[in-house]
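Numbering (this note's numbering), first residue to last: 1 to 409. Yeah, the Cβ is synthetic: ideal placement off N, Cα and C, and Gly gets one too. Have a look at the structure below, then the notes.
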């Protein structure tokens with residue numbers, strides 16, 4: 001937010017208002033050198049109005065302390081001073097919820113911006129789905145996860161594993177964990193794709209110029225954290241072979257004590273064989289939880305209408321109580337009549353149900369509805385299928401080696 005661009009004798013311009021109306025998030029960044037301006041304060045008032053209506057998420061970034069040198073401005077505009085003072089107090093309170101500033105000390109401008117973008121992207125990602133359906137079952141998951149993480153222990157780099165079938169909600173849980181604990185660490189990294197991670201990081205570490213980022217921003221953060229022995233939170237999603245898991249654990253041992261590494265996989269044995277001692281299984285939702293998630297996408301409410309209750313219960317069972325399957329099937333059936341529901345559920349039942357691929361195949365985009373949801377589903381499902389294929393290949397190779405040893409004996 002560049003408040004200085006707004007003249008002191010003008011209200012917030014139409015272009016800024018339009019941008020705020022179309023935005024979901026406003027980043028309010030204070031300057032480390034420039035004093036607070038009237039334009040900044042006026043624009044802050046408008047942003048907080050949108051925030052109060054619930055249409056805008058406000059994330060403050062303080063590049064120094066939380067104090068503002070505004071007494072001179074207050075004296076010049078005494079009629080505005082009370083509202084400005086309230087706005088700055090709110091901004092400071094918001095900063096306590098998103099304390100990114102603790103990670104910015106000593107960084108140059110490029111690294112600072114990268115850090116801010118990285119942290120905010122994950123918070124915004126989670127906040128976008130931070131409704132009743134996303135929070136279903138999180139409390140009971142987190143009770144176990146907190147025990148495994150043992151955040152109060154700072155004598156070791158602890159690795160935990162999270163596993164479960166495709167579509168059960170492993171990644172959703174991992175992102176929730178990130179949003180809950182990332183403020184406890186100096187460096188935070190969430191890796192959506194660990195493919196070729198070793199080659200990328202080793203290539204980067206061999207580069208003489210540390211300002212040249214050869215791999216991704218995540219790679220830069222990880223190597224810097226290792227060099228400087230920082231306390232790190234590293235979450236690696238979709239780990240699909242034992243070598244990946246082993247290498248990540250060995251690499252993370254160079255992080256500072258108190259660091260935490262979380263590996264996500266569909267295969268428990270893979271995690272254990274890679275050296276993970278603390279493992280948690282994400283299981284299918286309970287009946288009441290599954291019905292709530294399905295109803296959110298099918299009816300835009302927590303529970304089904306009475307005339308659709310039996311059909312909704314049948315749909316939940318056919319979706320296998322899996323969050324992804326419930327989302328896809330609920331979105332597909334939303335707005336359709338009873339006859340269409342019956343036909344779709346009969347078709348799914350004939351395919352045995354409980355399989356995300358079969359749920360997805362039901363979804364056919366029409367001219368005016370479903371295209372975006374279908375394309376998103378296609379990306380998700382194809383990604384899950386690819387991971388399953390890779391995991392199957394590795395299991396077959398391992399089985400072949402075992403048979404070879406037995407025959408030689």
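Between the CA atoms of residue j and residue i - distance to the nearest angstrom
| i | j | result |
| --- | --- | --- |
| residue 370 | residue 335 | The predicted position of residue 370 is uncertain, since its pLDDT is 46 and thus under 50; a value taken from the coordinates is nonetheless stated next. Approximately 11 Å between the Cα atoms of the pair. |
| residue 347 | residue 148 | 42 Å |
| residue 412 | residue 337 | Shown here, the chain extends from 1 to 409; a query on residue 412 therefore has no answer. |
| residue 195 | residue 71 | 54 Å |
| residue 55 | residue 47 | 10 Å |
| residue 312 | residue 291 | 7 Å |
| residue 50 | residue 257 | 42 Å |
| residue 110 | residue 284 | 42 Å |
| residue 344 | residue 310 | 14 Å |
| residue 339 | residue 321 | 23 Å |
| residue 247 | residue 278 | 17 Å |
| residue 179 | residue 77 | 40 Å |
| residue 22 | residue 34 | 28 Å |
| residue 240 | residue 251 | 17 Å |
| residue 75 | residue 36 | 14 Å |
| residue 280 | residue 170 | 10 Å |
| residue 80 | residue 69 | 16 Å |
| residue 13 | residue 166 | 48 Å |
| residue 92 | residue 30 | 11 Å |
| residue 15 | residue 25 | 16 Å |
| residue 249 | residue 183 | 22 Å |
| residue 82 | residue 187 | 38 Å |
| residue 329 | residue 269 | 31 Å |
Whether residue i touches residue j by CB criterion (8 Å)
| i | j | result |
| --- | --- | --- |
| residue 116 | residue 61 | yes |
| residue 341 | residue 271 | no |
| residue 327 | residue 293 | yes |
| residue 192 | residue 237 | yes |
| residue 44 | residue 87 | yes |
| residue 276 | residue 245 | yes |
| residue 58 | residue 94 | yes |
| residue 113 | residue 84 | no |
| residue 242 | residue 288 | no |
| residue 153 | residue 323 | no |
Proximal residues to residue i (C-beta, below 7 Å), its chain only, five neighbours per side dropped
| i | result |
| --- | --- |
| residue 174 | 162, 235, 237, 262, 264 |
| residue 90 | 48 |
| residue 349 | 318 |
| residue 301 | 295 |
Cβ-based neighbour list, residue i, same chain, cut-off 6 Å, excluding 5 preceding and 5 following
| i | result |
| --- | --- |
| residue 53 | none |
| residue 141 | 173 |
| residue 138 | 176 |
| residue 333 | 298, 341 |
| residue 20 | 50 |
| residue 253 | 157 |
Supposed contact pair residue j and residue i - C-beta distance, whole angstroms, cut 8 Å
| i | j | result |
| --- | --- | --- |
| residue 177 | residue 145 | 6 Å |
| residue 38 | residue 73 | 6 Å |
| residue 190 | residue 230 | Between residue 230 and residue 190 the Cβ distance is about 16 Å, and since that is not below 8 Å, they are no contact. |
8 Å Cβ shell around residue i - same chain, five flanking residues per side excluded
| i | result |
| --- | --- |
| residue 260 | 149, 151, 157, 158, 159, 160, 181, 185, 232, 233, 234 |
| residue 376 | Note that residue 376 scores 47 on pLDDT, short of 50, meaning its location in the model is unreliable; the coordinates nonetheless yield the value given after this. Excluding positions up to five away in sequence, the list is empty. |
| residue 286 | 137, 321 |
Closer than 8 Å to chain B by CB, residue i
| i | result |
| --- | --- |
| residue 314 | Any reference to chain B falls outside this structure, which holds one protein chain only. |
Under 8 Å: do the segment 258-268 and the segment 296-306 share three or more Cβ pairs, one atom per stretch?
no
Using 8 Å as the threshold, is the segment 140-157 in touch with the segment 315-323, meaning 3 or more CB pairs across them?
no
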